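Novice: Here it is, the structure, as structure tokens.
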Amino acid sequence: MAIIQALRGTKDICAPEIAYWQRIEAVVRDCLGRATFQEIRTPIFEQTNLFERGIGEATDVVSKEMYTFTDRGDRQITLRPEGTAGAVRAYIENKLFAQGGVQRLWYTGPMFRYERPQAGRQRQFHQVGVEVLGSADARADVEVIAIATEILQKLGLKNLSLQLNSVGNGEDRQKYRAALVEYLTPFKADLDQDSQDRLERNPLRILDSKDKKTQAIAKEAPSILDYLSDGSKKHFDQVQTSLTALGVEYHLNPCLVRGLDYYTHTAFEIQSSDLGAQATVCGGGRYDGLVAELGGPDTPAVGWAIGLERLVILLQQLAAAPVNELDFYVVSRGEKAEAASVILAHKLRFAGCSVELDLSGSAFGKQFKRADRSGAIACLVIGDNEAENNQVQLKWLQTKDQQILAQSELLGNIDQWRQKINQARNQA
RNA sequence: GCGAGCGUAGCCAAGUGGUUAAGGCAGCGGUUUGUGGUACCGCCAUUCGGGGGUUCAAGUCCCCUCGUUCGCCCCA
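According to the numbering used here, the first sequence holds residues 2 to 429 in order.
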């Protein structure tokens with residue numbers, strides 16, 4: 002009980018699981034790199050102010066989920082709960098807009114929200130996100146959505162659905178909000194408690210309540226799509242037409258409302274049916290007002306974030322983690338032989354082989370047992386005899402064939418030996 | 001912040017008030033002092049997340065606490 006453990010809602014990512022993370026990172030880097038996105042690394046904490054202004058003080062994230070503290074210089078500091086605000090701050094502060102044209106940025110790293118942990122939800126979690134700044138073109142929305150689907154597809158994920166909506170511009174939303182409140186007010190007594198509370202504060206969120214009675218009422222509510230201005234409507238039509246032309250399937254969901262205040266026009270989520278209650282794998286949308294809100298030039302933008310823990314959960318359901326392929330397992334016995342073993346192992350690694358060296362000093366029998374379990378293709382044996390003659394015994398673990406070689410022969414023709422290793426591996 | 005379930009070895013666990021806490025996997029040692037995947041044998045929890053209480057007697061019942069899981073809320 003005296004052991005110190007990781008804080009609630011945080012965890013260590015260890016051996017078999019780490020393979021999924023590395024695979025995700027590789028796919029993400031590849032897809033975003035080819036689409037000319039530049040990685041940006043911003044601080045993990047920022048002035049509390051940034052999130053209050055950017056995300057919105059009334060949102061749940063800001064009002065009750067932030068890790069906020071005062072540092073030794075009396076500064077109000079918050080561990081970032083999401084990545085967009087920091088990326089936009091960096092865009093403004095570094096005057097990336099001065100380079101002209103469109104900036105395509107991506108980031109990855111830990112985010113922090115003080116919430117009760119649950120399946121697919123932690124206090125420290127990780128996101129990959131993209132932000133395209135400086136274009137109001139519907140193609141930017143489409144590009145970004147298409148890349149998200151590409152990443153998920155290349156990871157082999159199934160059972161995903163893209164939910165799509167438009168929340169219009171500020172003016173559209175205000176009109177719609179008034180109409181919605183007008184519609185809902187007569188039903189107020191029939192709404193669930195949370196929704197009643199939200200009627201004034203944040204009525205749009207009532208639309209995606211999980212309460213059955215509320216859902217039935219929300220189903221008949223006026224749709225935001227009927228309140229879009231001509232410009233908003235045209236933008237959204239272009240997005241939809243283009244997605245269809247691309248073959249990206251989507252479900253129009255007028256009840257989709259996102260929890261951060263900065264969204265305008267296109268809003269979307271990619272959900273999985275294999276995740277339990279926290280079904281959203283990727284969420285994003287357009288945020289044309291945020292850059293100006295944070296003190297930058299008026300700059301339209303669109304982006305998304307993917308929750309990496311949730312991806313890992315899905316990948317784990319699909320297939321076991323790949324194990325590292327091992328070429329050689331080196332066993333040795335005796336003082337001279339043991340001294341030779343570490344040198345041989347290192348030289349083989351330097352030549353490009355993967356090599357595990359048995360350090361146990363136990364009997365050969367035990368070392369062979371471990372060699373067998375290591376998954377290595379070949380075992381290299383150095384005992385007193387071999388050490389005496391600068392030789393090594395090479396044992397093929399699958400066939401049990403073995404042969405004595407000069408160490409110089411093995412190292413001198415290592416490419417040929419590696420070919421044989423690969424042949425043996427492919428036959429297995 | 002609210003609700004429910006769970007916490008026995010590194011892992012999976014049996015145990016539902018009564019003498020010494022099953023079993024399996026992994027690990028270590030041996031049969032086999034230079035040759036593995038099988039088999040057999042041995043070792044591996046003075047103690048059941050922590051604290052308090054009830055009782056002649058508690059892993060087992062009660063209270064508190066911590067952790068964990070799932071759900072609500074919210075979101076990635």
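Think of the CB as a built atom: it goes at the ideal place given N, C-alpha and C, for glycine as much as any other residue. Note that this is a predicted model, so its numbers are computed, not measured.
CA-CA distance, G101 and V143?
Specialist: Each residue's alpha carbon lies about 21 Å from the other.
Novice: How many Å lie between I378 and Q403 at the Cα?
Specialist: Near 12 Å, if we compare the C-alpha coordinates of Q403 and I378.
Novice: When we look at the beta-carbon of R9 and count the other beta-carbons within 10 Å, is it buried (16 or more) or exposed?
Specialist: Under this definition R9 is an exposed residue.
Novice: Which residues in the same chain have their Cβ closer than 6 Å to the Cβ of L205, if we skip the five residues on either side of it in sequence?
Specialist: Only V258 meet the Cβ criterion.
Novice: For E94 and L276, what's the separation of their Cα atoms in angstroms?
Specialist: Those two C-alpha atoms are separated by around 38 Å.
Novice: Leaving out five residues before and five after T60 in sequence, what residues of the same chain have Cβ atoms less than 7 Å from its Cβ?
Specialist: Closer than 7 Å at Cβ, skipping near neighbours: G260, L261, D262.
Novice: Would you say A372 and L398 are within 8 Å of each other, going by their C-beta atoms?
Specialist: Cβ atoms of A372 and L398: closer than 8 Å.
Novice: Counting only the same chain and skipping the five closest in sequence on each side, list residues whose C-beta sits under 7 Å from that of R122.
Specialist: Closer than 7 Å at Cβ, skipping near neighbours: E116, Q279.
Novice: Do V331 and L381 come within 8 Å of each other at the CB atom, strictly closer than that value?
Specialist: Contact flag set, yes.
Novice: Ignoring anything shorter than 3 residues, give me the beta strand (DSSP E) runs that lie fully in the segment 324-380, in order along the chain.
Specialist: If we require 3 residues or more, the beta strand (DSSP E) runs fully inside the segment 324-380 come out as 329-333, 356-358.
Novice: Quick one, which of Q239, I225, N423 has its alpha-carbon nearest V182's?
Specialist: Answer by Cα proximity: I225.
Novice: Taking Cβ positions, are N166 and S233 nearer each other than 8 Å?
Specialist: No, Cβ-Cβ distance for N166 and S233 is not below 8 Å.
Novice: Just list the residues that DSSP pairs P82 with in beta bridges.
Specialist: P82 pairs with nothing; no bridge assigned.
Novice: Quick check on DSSP: helix, strand or coil for M2?
Specialist: Confidence at M2 is low in this model, with a pLDDT of 41, below 50, so its placement is unreliable and no value can be given for it.
Novice: Hey, A137 and V240: beta-carbon distance below 8 Å or not?
Specialist: Not in contact: A137 and V240 (Cβ atoms no closer than 8 Å).
Novice: Jot down the residue ranges of each uninterrupted alpha helix (DSSP H) in the segment 291-320, minimum 4 residues, whole runs only, in chain order.
Specialist: Taking only runs of at least 4 residues, the alpha helix (DSSP H) segments lying wholly in the segment 291-320 are 291-294, 309-319.
Novice: Got a sec? Which residues, its chain only, sit under 6 Å from S274 by beta carbon, not counting five neighbours each side?
Specialist: If we look at S274 and ignore the five residues flanking it on each side, its Cβ neighbours are N160.
Novice: Are A352 and L315 closer than 8 Å when you measure CB to CB?
Specialist: Going by C-beta atoms, A352 is not nearer than 8 Å to L315.
Novice: Is the number of C-beta pairs between the segment 84-93 and the segment 22-33 that are closer than 8 Å three or more?
Specialist: Flag = no, the segment 84-93 and the segment 22-33 do not touch.
Novice: Under DSSP, the beta strand (DSSP E) around C283 begins and ends at which residues?
Specialist: Note, C283: beta strand (DSSP E), 281-287.
Novice: Pairing CB atoms from the segment 242-252 with CB atoms from the segment 216-223, are three or more of them under 8 Å?
Specialist: Not touching, per the Cβ criterion.
Novice: Could you check if H236 is buried or exposed, using at least 16 other CB atoms within 10 Å of its CB as the buried criterion?
Specialist: That one is buried.
Novice: Quick one: what's got a C-beta closer than 7 Å to R30's C-beta in the same chain, skipping five residues either side?
Specialist: Contacts found: none.
Novice: Can you tell which of L192, G304, Y228, N203 has the C-alpha that lies nearest to the C-alpha of K211?
Specialist: It is L192 whose Cα lies nearest to the Cα of K211.
Novice: For A438, which of S196, Y228, N203 has the nearest alpha-carbon?
Specialist: Only positions 2 to 429 of the chain appear in the structure, and residue 438 is not among them; the question remains open.
Novice: May I ask you to report which of helix, strand or coil DSSP gives G232?
Specialist: It is helical.
Novice: Between M2 and L229, what straight-line distance do the alpha-carbon atoms span, to the nearest angstrom?
Specialist: In this predicted model, M2 has a pLDDT of only 41, less than 50, meaning its place in the structure is not dependable; the value taken from the coordinates is given anyway. M2 and L229: Cα-Cα distance of roughly 59 Å.
Novice: Please list, in chain order, all residues of the same chain as T11 whose beta carbon is under 8 Å from its beta carbon, the five residues on each side excluded.
Specialist: Closer than 8 Å at the Cβ level, and outside the excluded window around T11, lie Q123, R124, Q125.
Novice: Got a sec? Which residues, its chain only, sit under 6 Å from P298 by beta carbon, not counting five neighbours each side?
Specialist: Result list for P298: F98, in chain order.
Novice: Give me the DSSP bridge partner(s) of Q39.
Specialist: The partner list for Q39 (beta bridge, DSSP) reads L106.
Novice: Is S375 near Q368, with beta carbons less than 8 Å apart?
Specialist: No, these two residues do not count as a Cβ contact at 8 Å.
Novice: Just list the beta strand (DSSP E) runs in the segment 373-424, keeping only unbroken ones of 3 residues or longer that don't cross its boundaries, in chain order.
Specialist: For the segment 373-424, whole beta strand (DSSP E) runs of length 3 or above, ordered along the chain, are 379-383, 392-397, 403-407.
Novice: Sorted by chain position, which residues of the same chain lie with C-beta nearer than 7 Å to F52's C-beta, five sequence neighbours on each side aside?
Specialist: Cβ within range, chain order: V63, M67, T79, P82, A86.
Novice: With a CB to CB cut of under 7 Å and the five nearest residues on each side skipped, what residues in its chain are close to Q154?
Specialist: Within the same chain, Q154 has no close Cβ partners at all.
Novice: To which residues of the same chain is D13 closer than 7 Å at the C-beta, ignoring the five residues directly before and after it?
Specialist: The answer, listed in chain order, is A7.
Novice: List the whole-angstrom C-beta distance separating V145 from V129, where the pair is believed to meet the contact cut-off of C-beta under 8 Å.
Specialist: Wrong, their Cβ atoms sit about 13 Å apart, outside the cutoff.
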